[in-house]
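Those protein sequences? They're chains A and B, same order as listed.
Numbering-wise (the working numbering), the first sequence opens with residue 1 and increments by one.
Numbering-wise (the working numbering), the second sequence opens with residue 609 and increments by one.
From the three backbone atoms N, C-alpha and C, an ideal C-beta is built for every residue, glycine too.
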Amino acid sequence: MDANTLAWTILMLPLFVAAGILLGLKRWSGLSSILATGSALLTLVLSFMLSGIAKGDAEVVSFPWLQVSESFSLTIGMTIDPLSQGMMIIVTGIGFLVHLFSLGYMKDDAGKSRYFAGLSIFMFSMTGIVLADNFAMMFIFWELVGVSSYILIGHWYQKDSAADAAKKAFLTNRIGDFGFMIGILLVWVLTGSIYFKEIAEAVGGVTNATMLNIAVICVFCGAIGKSAQVPLHVWLPDAMEGPTPVSALIHAATMVAAGVFMLARVAFLIGAAEMAATVILWTGAITALVAALMALQQNDIKRVLAYSTLSQLGYMVMAQGITPSGDLAGGSEAGMFHLYTHAFFKALLFLGAGAVIYACHHQQDMWKMGGLRKKMPITFWTFAIGTAALIAVPFTSGFFSKEGILHAAHQHHHTGPWIIGLIVALLTPFYMTRLFIVAFLGKARTDDASHAKEVPALMFVPLLLLAFLAIASAYGPIAHLLKAPAEAHFAAPDITAILSVLALIIGVGLAVFLYRGKERDPVNIPLFANKFYIDEIYGGIVATFQDGVAKVLDIFDRYVLDPLLVRFPAIGAITSGSFLRLFQSGNLQAYGFFFGIAVVLLILLLIF
Amino acid sequence: MTILEIIVLLPILAAVVIALGSPARITALLASGLAAAATFVTALRFNLNAEGGFQETSSHPLLSIEGFPDLSLSFGIDGISLVLMILTVLVLVAAIWAAPAENSIKGSARIYYASCLLIGGGALGAFCSTDLFFLYAFHELALIPTFLMIGLFGTGENRVRTAWTITIYLGIGSIILLIGLIMAVVHLGGNTFNIADLVATANSSDNAIAPEMQNWIYLILIVGFGILVSLFPFHSWAPPAYAQAPTPVSMLHAGVLKKFGLYGIIRIAQPLAPQGAETMLNLVLVLLLGNILYIGLVTIAQKNLNRMLGYSSVMHMGYVFLGVVSGTAIGMNGAVLLMFAHGISIALLFALTGSLKSRYGTLEISELGGIAKSLPGLGLLFGFAAFAAAGLPGFANFAAEILIFFGAFQKFDGNIGWLQWTTILALWGVVISAVYMLRAYRNVFKGPENLALPTVAKMGWQEKAPILLLLVSLMAVGFVPELLVKYLRPAVDAMNLFVGK
Chain A
1 MDANTLAWTI LMLPLFVAAG ILLGLKRWSG LSSILATGSA LLTLVLSFML SGIAKGDAEV
61 VSFPWLQVSE SFSLTIGMTI DPLSQGMMII VTGIGFLVHL FSLGYMKDDA GKSRYFAGLS
121 IFMFSMTGIV LADNFAMMFI FWELVGVSSY ILIGHWYQKD SAADAAKKAF LTNRIGDFGF
181 MIGILLVWVL TGSIYFKEIA EAVGGVTNAT MLNIAVICVF CGAIGKSAQV PLHVWLPDAM
241 EGPTPVSALI HAATMVAAGV FMLARVAFLI GAAEMAATVI LWTGAITALV AALMALQQND
301 IKRVLAYSTL SQLGYMVMAQ GITPSGDLAG GSEAGMFHLY THAFFKALLF LGAGAVIYAC
361 HHQQDMWKMG GLRKKMPITF WTFAIGTAAL IAVPFTSGFF SKEGILHAAH QHHHTGPWII
421 GLIVALLTPF YMTRLFIVAF LGKARTDDAS HAKEVPALMF VPLLLLAFLA IASAYGPIAH
481 LLKAPAEAHF AAPDITAILS VLALIIGVGL AVFLYRGKER DPVNIPLFAN KFYIDEIYGG
541 IVATFQDGVA KVLDIFDRYV LDPLLVRFPA IGAITSGSFL RLFQSGNLQA YGFFFGIAVV
601 LLILLLIF
Chain B
609 MTILEIIVLL PILAAVVIAL GSPARITALL ASGLAAAATF VTALRFNLNA EGGFQETSSH
669 PLLSIEGFPD LSLSFGIDGI SLVLMILTVL VLVAAIWAAP AENSIKGSAR IYYASCLLIG
729 GGALGAFCST DLFFLYAFHE LALIPTFLMI GLFGTGENRV RTAWTITIYL GIGSIILLIG
789 LIMAVVHLGG NTFNIADLVA TANSSDNAIA PEMQNWIYLI LIVGFGILVS LFPFHSWAPP
849 AYAQAPTPVS MLHAGVLKKF GLYGIIRIAQ PLAPQGAETM LNLVLVLLLG NILYIGLVTI
909 AQKNLNRMLG YSSVMHMGYV FLGVVSGTAI GMNGAVLLMF AHGISIALLF ALTGSLKSRY
969 GTLEISELGG IAKSLPGLGL LFGFAAFAAA GLPGFANFAA EILIFFGAFQ KFDGNIGWLQ
1029 WTTILALWGV VISAVYMLRA YRNVFKGPEN LALPTVAKMG WQEKAPILLL LVSLMAVGFV
1089 PELLVKYLRP AVDAMNLFVG K
């Protein structure tokens, strides 16, 4: 197959599946789920074929979606380059494994068809972001990803918490997209194009540096929303209300990485906007730190993972803010490399958490688990591997990719972010070791935990595959297959490597010391446990500045504007008499009727 | 008779036939269906290669008196009128389909159905009239049955007062409008009502209206048309009217008839007083922001679903205004596309709330809750409609809004000017509309079921049909906007868009 057929098939197949399920197949939930999983497998195979396409053959016919004139048209077109080829394998690969896992996890769910249709819509939308060759198309699929996330977070819509979380996720993302759209418009007027290729050529000629910086910061707002960076991070932990496979696919591996992917796609813009790059760098660093601090005190197993996702996304975003200077490459590729490895080990951790939750009858509080090592050996060992990769144990994939980012920060003399990165490298092992000890080791602390059994093969096979990738994805052959922009390299350890191994040892050691054999949390830091009270602060802002103002304006509208500009003139007209005479019969109905008849007769008379 | 005359006459004649005793529902469905079919035939016949100008023209001279403008009943369409006619017939068919069965109407079913048809016929007539006098008269023809319907078949204790308020208020709007139109005609020589001739005169260098006078005329027309479109601050008649009107009337008025005011600004106010439009640009920008931000926030505070939809419909008029005054082809295409998209989506939403109201007897958001469990189909459809209204890709609303934003930004000259600032603030409105739509959706449909609610019947196909008709239209245009933009493009290119800043 040529590039054109491949790209279009990968994009459209999931959409057709979703449409098919929604339009008729939904009553056969088994068929729906098999169909969706099959299509995910097929797109994975096609993505492998797509990654074999050399740059010269990557001609794709674009579709003029909305054309106003010769010079202005919004098109659906594809970029096929190593960045999108690698990302497609991540998306469809993890997508397929999550479909597979869901066949088990959602086996008896009443809304199974709806769930799989939602997954398919997600695959469609995510593919669109990855393949987009212009900002307008990216924005379209960006929004669609938001909807699929809304649908899937709110899958159990009768739970208040799920319904609220879905809404919160969508609205928070909308705030980011507000900036994103302004950014797209500004880039368009500054460079005269919405196509990445043309923007890259034109950006050097933009003389209005201030405006360009503003434009790039606005574009970055989109990433702040989607990749849940501070200050728009609040939706991601709540998004854990969705079924756990969804958390793995969307809220860990792919969708939340879309922001990072987008920044990598427009790396040339960031490179041309120095101030914006600094904003990106620091936003990422601050997110990495703040989220890691919040993770220290969470008790819900999925929430710990969610905050850790935030923190790791902070690393990746930070890397995007490291721009090339002189001969030194920027951090963009290192960031994408971390995105790839993180996708595998974080999907693994989430699916592992899902297996635990499934086995413990939907218990998510890790203090009510414990003693799972013997009962769920496969889950235990794969989770251990995932944890090792996340806390960057040397020679796991996570070690190499995180090293790349910190190394780049050090090389470019971004000392502040570099130090923050090292602190996070200490916090991460601490909270992950805490989670691991409390949830898996020691004795079972509740009945749910003591009756846990290993999950069925449909669920543990994805775990095994992901565990393999969590180690191996950084190494030559697999990294090449993924078109990873970087790979494991063994050099003499530099200061960054030494310090981060040291951080790892201290983090793990401290956690073992504090948490081994404990029945409840010996540490209590309310500030971290309550996430710096940011949700409460936002709640207050929304209640006063949005709902409060809305209420005041509503009263104003009802009792001031309406009487003044509508009711008073209307009454005035009646009492002044001129209208009253018009409606002399006093009967609206009669008046209307006579007028209608008169007009009809007039028209009839005129035509014939 | 030309095909346009047939389209306009069909619903009006059917109304008369119903008044004379023909079975109401079947006659109304038949007539609106035929009008729709004829409109689609017109669309297929439409010559896309003609460079603007009216097609399918016909003219019947009526009055030719010395010293008074020549009057003739003339019809003709360009791409803009065609798109609005397609909107009208789609909503008309859906509204009549969604109307209750004859025996369940309290009062005269004949008046009910005949009024709906007159609203549709009047709107169709207004959109394809090429004579200013009849453009105005057809709109009035459509307005009167609207008042009647609210007074006779509306709900709520205040319905008669509401009916009177909007009758008088829109009456005032119409009179202001009439004054503005007469001024324009007089200052353009006072010898014709033919819109094309008037526009040609207004754009000629010798005979255009004097700039000072253009400002006045444009201002008067903006107020007159503005009242009809519910431009801020002349908007507060609309939400109570929609909340109390019977479902088909809310659908027809919010969906179709309100677009008349916008159509008038595009077709008449801007072309006849282009310099006035330019001078008044900043004023209009402020007012449209009133629609988007002020009313957007007021919408958030609403506790009744239909009132909320009423305010949201008022809010979205701001975006159409933004496209209209952007002074760019991109923005103007977007504006007309949004008139279509908004018309369909608001009619869709009112049809859905109509279904809710007939089941639960209330649309107070606090009294509902978690009803997606009992009504999964309705919940899904409402979800689609809510996302459409919130401007999500896949629906025509998104295609229209993104064009408007691009259009309003196009004239960026290195600094963020009035138009660009307005666009940025208007973009915040996109967040606001997501807030109220998703909140309402969540509070009405999601969460645990409110056990105080009665058990209700699921939706049948008969009830779903008009809703699906609207939804499919909205998504078809959303996926392939070209379906309509191909008509709009040449019409907009032929317009002399005023030079905005």
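Contacts around residue i, its chain only, beta-carbon distance under 6 Å, and the 5 residues preceding and following it disregarded
i                      : result
arginine 27 of chain A : none
leucine 469 of chain A : Phe344
alanine 792 of chain B : Ile825, Leu880
Proximity below 8 Å, CB of residue i to CB of residue j
i                        : j                            : result
alanine 703 of chain B   : alanine 632 of chain B       : no
lysine 112 of chain A    : serine 33 of chain A         : yes
serine 723 of chain B    : phenylalanine 683 of chain B : no
glycine 314 of chain A   : alanine 267 of chain A       : no
threonine 647 of chain B : isoleucine 694 of chain B    : yes
C-beta neighbour in chain B for residue i, strict 8 Å
i                         : result
valine 130 of chain A     : no
serine 325 of chain A     : no
valine 266 of chain A     : no
asparagine 208 of chain A : yes
leucine 310 of chain A    : no
tryptophan 8 of chain A   : no
glutamate 241 of chain A  : no
isoleucine 76 of chain A  : no
methionine 1 of chain A   : no
glycine 20 of chain A     : no
glutamine 229 of chain A  : no
Own chain partners of residue i with C-beta closer than 8 Å, once the 5 adjacent residues on each side are dropped
i                         : result
isoleucine 121 of chain A : Pro14, Leu15, Ala18, Leu144, Val147, Ser148, Ile151
lysine 1072 of chain B    : Gly985, Leu989
proline 82 of chain A     : Lys483, Pro485
glycine 204 of chain A    : Ala272
tryptophan 676 of chain A : Nothing about residue 676 of chain A can be read from this structure; chain A reaches only from 1 to 608.
valine 424 of chain A     : Ala288, Leu289, Ala292, Ser311, Gly314, Tyr315
Cutoff 8 Å: residue i Cβ touching any chain A Cβ
i                            : result
glutamate 558 of chain B     : Missing from the structure shown is residue 558 of chain B; chain B here goes from 609 to 1109 and no further.
valine 1085 of chain B       : no
threonine 773 of chain B     : yes
phenylalanine 995 of chain B : yes
DSSP-derived helix/strand/coil call for residue i
i                         : result
serine 737 of chain B     : strand
threonine 75 of chain A   : strand
asparagine 802 of chain B : strand
leucine 671 of chain B    : strand
glycine 517 of chain A    : coil
tyrosine 195 of chain A   : strand
glycine 156 of chain A    : According to the sequence displayed, residue 156 of chain A carries tryptophan and not glycine. The answer is coil: DSSP assigns tryptophan 156 of chain A none of H, G, I, E or B.
tryptophan 8 of chain A   : helix
tryptophan 845 of chain B : coil
leucine 796 of chain B    : coil
threonine 665 of chain B  : strand
Cutoff 7 Å; reference residue i; Cβ partners in own chain excluding five residues on either side
i                         : result
arginine 516 of chain A   : Ile437
leucine 465 of chain A    : Leu97
tryptophan 367 of chain A : Asn299, Val438, Arg445, Arg520
leucine 42 of chain A     : Leu13
threonine 887 of chain B  : Asn823
lysine 911 of chain B     : Glu972, Ile973, Ser974
Open item on the list: Under 8 Å: do the segment 475–492 of chain A and the segment 325–344 of chain A share three or more Cβ pairs, one atom per stretch?
Closed with: yes
Task: At least 3 beta-carbon pairs within less than 8 Å: the segment 943–956 of chain B vs the segment 877–886 of chain B - done: no
Open item on the list: I'd like to know if the segment 170–184 of chain A and the segment 207–219 of chain A are in contact, where contact means that at least 3 CB-CB pairs between them fall below 8 Å.
Closed with: yes
Open item on the list: Check whether the segment 1058–1066 of chain B and the segment 161–178 of chain A are in contact - that is, three or more C-beta pairs closer than 8 Å.
Closed with: no
Open item on the list: Does the contact criterion of 3 or more C-beta pairs under 8 Å hold for the segment 997–1006 of chain B versus the segment 1084–1101 of chain B?
Closed with: yes
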